[in-house]
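Colleague:
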Amino acid sequence: MSLRLHNTLTRTVEPFVPATPPRVGLYCCGPTVYDFGHVGNFRTFVFADLVRRALAFNGLVVTHVMNVTDVEDKILRRLRETGQALRPFTATYIDAFLSDLASLRCLRPHHLPRATDHIADMVRLISRLMERGIAYKAPDGSVYFNIEQYRRSERWPGCACRYGQLVHIDPEQQRASGRVSADEYDKDHVADFALWKARVPEDGDVFWESPWGQGRPGWHIECSAMSMALLGDSLDIHLGGEDLAFPHHEDEIAQSEGAGGLRGDLHGKHLPFVRHWLHGAHLLVEGRKMSKSLGNYFTVRDLLAKGFDGREVRFLLLSAHYRETFNFTLAGLEGARTALARLDECLGKLRERAASHGGPAPAPVHGLVEAFQEALNDDLNVSRAWAVVFDWVRDQNRALASGAMDPAAAAAELAAFGAVDAVLAVAPDPAAGASVPDEVMARAHERVAAKKARDFARADALRAEIKALGWTVEDTPAGPKLKRA
RNA sequence: GGCGGGGUAGCCAAGUGGUAAGGCACGGCUCUGCAAAAGCUGCAUUCGUCGGUUCGAUUCCGACCCUCGCCUCCA
Numbered sequence: 012m013s014l015r016l017h018n019t020l021t022r023t024v025e026p027f028v029p030a031t032p033p034r035v036g037l038y039c040c041g042p043t044v045y046d047f048g049h050v051g052n053f054r055t056f057v058f059a060d061l062v063r064r065a066l067a068f069n070g071l072v073v074t075h076v077m078n079v080t081d082v083e084d085k086i087l088r089r090l091r092e093t094g095q096a097l098r099p100f101t102a103t104y105i106d107a108f109l110s111d112l113a114s115l116r117c118l119r120p121h122h123l124p125r126a127t128d129h130i131a132d133m134v135r136l137i138s139r140l141m142e143r144g145i146a147y148k149a150p151d152g153s154v155y156f157n158i159e160q161y162r163r164s165e166r167w168p169g170c171a172c173r174y175g176q177l178v179h180i181d182p183e184q185q186r187a188s189g190r191v192s193a194d195e196y197d198k199d200h201v202a203d204f205a206l207w208k209a210r211v212p213e214d215g216d217v218f219w220e221s222p223w224g225q226g227r228p229g230w231h232i233e234c235s236a237m238s239m240a241l242l243g244d245s246l247d248i249h250l251g252g253e254d255l256a257f258p259h260h261e262d263e264i265a266q267s268e269g270a271g272g273l274r275g276d277l278h279g280k281h282l283p284f285v286r287h288w289l290h291g292a293h294l295l296v297e298g299r300k301m302s303k304s305l306g307n308y309f310t311v312r313d314l315l316a317k318g319f320d321g322r323e324v325r326f327l328l329l330s331a332h333y334r335e336t337f338n339f340t341l342a343g344l345e346g347a348r349t350a351l352a353r354l355d356e357c358l359g360k361l362r363e364r365a366a367s368h369g370g371p372a373p374a375p376v377h378g379l380v381e382a383f384q385e386a387l388n389d390d391l392n393v394s395r396a397w398a399v400v401f402d403w404v405r406d407q408n409r410a411l412a413s414g415a416m417d418p419a420a421a422a423a424e425l426a427a428f429g430a431v432d433a434v435l436a437v438a439p440d441p442a443a444g445a446s447v448p449d450e451v452m453a454r455a456h457e458r459v460a461a462k463k464a465r466d467f468a469r470a471d472a473l474r475a476e477i478k479a480l481g482w483t484v485e486d487t488p489a490g491p492k493l494k495r496a
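Numbering (our numbering), first residue to last: 12 to 496.
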């Protein structure tokens with residue numbers, strides 16, 4: 012079965028076919044770097060990583076782009092509060108973000124463009140919109156996108172000129188939200204959004220020159236400019252959190268298709284800005300919407316500080332389908348630990364059994380890989396994929412226990428798991444637990460001797476000492492095994 | 001008010017017009033000097049409520065209840 016993915020544009024699960032196979036351009040809305048990312052943010056980034064790995068698993072060659080928003084209201088506010096300069100401030104959080112991403116075993120995107128490195132691209136895009144008469148400079152000096160004009164525009168290649176493609180919105184039906192009052196703005200219509208924000212005193216020295224005066228780019232224009240600069244005018248896949256569908260992504264479509272072929276390479280085809288939109292659902296933490304006041308607000312580093320491993324967090328985040336709200340809990344994280352330990356145990360036994368296999372690397376066994384792929388390709392049904400993996404674990408354990416597993420078979424099963432783990436990325440780190448401290452090892456040896464002498468009191472005392480050193484002993488038929496507690 | 005998700009065992013969570021995956025927790029067993037760990041194994045006559053369609057519905061349709069999200073810069 013080939014890969015099928017839900018498309019927000021059509022609201023159906025449809026086959027995913029790149030414009031120019033096997034190459035795939037994947038764009039993902041990245042972080043705004045003013046703070047450490049929380050588990051909710053990282054659910055989306057792990058989801059993006061899953062999409063990327065699933066594409067690669069299906070033989071596609073992915074170019075993964077994730078933007079970094081490093082100029083924005085909240086950032087400017089933090090600069091004012093802390094007196095720091097933009098670059099050093101954002102660099103801190105970009106580093107933290109990359110480190111968190113790595114701890115969750117997410118592959119690093121091939122490109123991580125920063126907004127402040129692409130101001131020229133944004134200015135060019137806005138100029139194009141001005142030329143086409145679908146953007147205007149307001150009395151406050153800012154430039155806005157004119158949604159009414161856009162909807163009335165002549166169609167040009169690649170432009171549906173339709174506002175409300177992702178969320179079915181009838182502009183006439185919208186009531187003014189309490190958050191925004193129309194008369195605070197100089198724009199013609201409340202729905203019009205800023206492309207370029209005129210410099211105001213609070214911005215300090217954060218501003219750029221533009222044909223419309225000093226200022227900074229609006230948020231939406233960032234993704235349009237950077238995605239097209241790196242991936243061309245029509246992207247295969249664009250993804251982000253569900254909250255971004257409107258207005259952020261809707262505005263991106265309007266700007267990008269409105270600018271229509273910024274670089275003139277639409278190949279004469281009427282390609283949309285994005286062919287496949289993917290949106291990940293949010294998560295709840297301990298059954299509630301995450302909030303600092305409820306005490307259920309966790310950054311990735313908070314979880315690591317509680318002693319959880321990045322792969323445990325990854326496992327939990329990947330345990331539910333991406334379009335479902337997921338309830339992330341600490342108990343779930345404990346469960347993830349137990350489940351992974353069982354997987355680790357099975358893999359460890361397979362490795363032991365495979366160790367004496369000397370021949371050429373065996374081909375992966377197909378049962379696991381094919382069943383896994385079928386689940387994965389069904390709109391990334393990870394829950395089903397895990398069921399496949401754990402069924403496999405039980406089967407391996409049975410075969411191992413009954414002695415029906417020969418070294419070549421074990422090696423082949425391990426190869427199969429390796430293929431699957433190229434997507435899941437939860438296999439134990441081979442380096443972890445490799446070196447047992449001498450003091451622990453010495454006590455383990457002494458305990459073996461004590462047991463042999465049937466001095467069980469001494470043996471139990473040694474076990475307690477080993478435990479105090481942070482290790483546990485397990486007696487197996489092949490002798491004692493040491494594990495980190 | 002508009003738009004859109006959900007309600008499946010103690011918890012998390014798949015799924016199908018034909019009689020409920022998987023994980024965690026829990027019980028039993030094996031192993032063990034005892035443990036621990038591990039393994040095996042058991043664990044929803046039932047899928048929010050009430051109607052309807054059907055030989056048959058958790059799955060389709062309708063109504064209702066509950067819950068969550070978005071509605072202009074929140075992943």
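Every residue, glycine too, gets a C-beta built ideally from N, C-alpha and C.
So what does F339 bridge to, in DSSP terms?
Modeller: Taking the first sequence and counting its residues from 1, one reaches residue 339 at position 328. DSSP output for F339 lists V296 as bridge partner(s).
Colleague: Taking the beta carbon of D244 as the centre, do at least 16 other beta carbons fall within 10 Å, making it buried, or is it exposed?
Modeller: The count along the first sequence starts at 1 and reaches residue 244 at position 233. Its Cβ being crowded by 16 or more others within 10 Å, D244 is buried.
Colleague: Where G251 and G370 are concerned, what is the direct C-alpha to C-alpha distance, given to the nearest angstrom?
Modeller: Counting from 1 along the first sequence, the entry for residue 251 is found at position 240. Counting from 1 along the first sequence, the entry for residue 370 is found at position 359. Rounded to the nearest angstrom, the two C-alpha atoms are 46 Å apart.
Colleague: In this structure, does DSSP put T31 in helix, strand or coil?
Modeller: Locating residue 31 in the first sequence gives position 20, counting from the first residue. Strand, per DSSP.
Colleague: From what residue to what residue does the alpha helix (DSSP H) around H174 run?
Modeller: Here residue 174 corresponds to residue number 163 of the first sequence, with the count starting at 1. According to the sequence displayed, residue 174 carries Tyr and not His. Per DSSP, Y174 belongs to no alpha helix (DSSP H) and is neither H nor E.
Colleague: Determine the DSSP secondary structure at K360, reduced to helix, strand or coil.
Modeller: For the purposes of this step, residue 360 is identified with residue 349 of the first sequence, where counting begins at 1. Note: K360 maps to helix in three-state DSSP.
Colleague: Using a Cβ-Cβ cut-off of 7 Å (strictly less than) and excluding sequence neighbours within five positions of D276, which residues of its own chain qualify?
Modeller: For this step, residue 276 is matched to residue 265 along the first sequence. Low per-residue confidence applies at D276: pLDDT is 48, beneath 50, and the placement is therefore not dependable enough to give any value.
Colleague: Which residues does DSSP pair with P491 in a beta bridge?
Modeller: As a first step, residue 491 is located in the first sequence; it is residue number 480 there, counting from the start. Bridge partners of P491: D486.
Colleague: Just verifying my parser: in three-state terms, what is the DSSP assignment at W223?
Modeller: Your numbering for residue 223 matches position 212 in the first sequence. Residue state, collapsed to three classes: coil.
Colleague: On the DSSP bridge assignment, give the partners of Y333 in chain order.
Modeller: Walking along the first sequence from the start, residue 333 turns up at place 322. Under DSSP, no beta-bridge partner is assigned to Y333.
Colleague: Using only the alpha-carbon positions, how far apart do D81 and D449 sit?
Modeller: Position 70 of the first sequence, counting from 1, holds the residue named residue 81. Position 438 of the first sequence, counting from 1, holds the residue named residue 449. Computed Cα separation, rounded: 48 Å.
Colleague: Do G152 and W223 count as a contact pair if the criterion is CB distance below 8 Å?
Modeller: Here residue 223 refers to the residue found at position 212 when the first sequence is read from its first residue. Here residue 152 refers to the residue found at position 141 when the first sequence is read from its first residue. Yes, these two residues count as a Cβ contact at 8 Å.
Colleague: Would you call the CB atoms of I232 and Q176 closer than 8 Å?
Modeller: As a first step, residue 232 is located in the first sequence; it is residue number 221 there, counting from the start. As a first step, residue 176 is located in the first sequence; it is residue number 165 there, counting from the start. Against a cut-off of 8 Å, the Cβ pair of Q176 and I232 comes out as no contact.
Colleague: Helix, strand or coil: which one does DSSP assign to D203?
Modeller: Residue 203 sits at position 192 when you count from the first residue of the first sequence. Coil, per DSSP.
Colleague: Thinking R364 and L115 are a contact (beta carbons under 8 Å), I'd like their distance in whole angstroms, please.
Modeller: Counting from 1 along the first sequence, the entry for residue 364 is found at position 353. Counting from 1 along the first sequence, the entry for residue 115 is found at position 104. Rounded, the Cβ-Cβ distance is 31 Å, inconsistent with contact.
Colleague: To the nearest angstrom, report how far apart F53 and K463 are at their CA atoms.
Modeller: Translated into positions along the first sequence, residue 53 becomes position 42. Translated into positions along the first sequence, residue 463 becomes position 452. The alpha-carbon atoms of F53 and K463 are separated by roughly 51 Å.
Colleague: Let me know the secondary structure DSSP gives T19 once reduced to three states.
Modeller: As a first step, residue 19 is located in the first sequence; it is residue number 8 there, counting from the start. Coil, per DSSP.
Colleague: Using the Cβ count rule (16 or more neighbours within 10 Å means buried), how would you classify Q384?
Modeller: As a position in the first sequence, residue 384 is number 373, starting the count at 1. Flag for Q384 reads buried.
Colleague: From the DSSP output, which residues share a beta bridge with W288?
Modeller: Taking the first residue of the first sequence as position 1, residue 288 is located at position 277. Residue pairing from DSSP places W288 in a beta bridge opposite H249.
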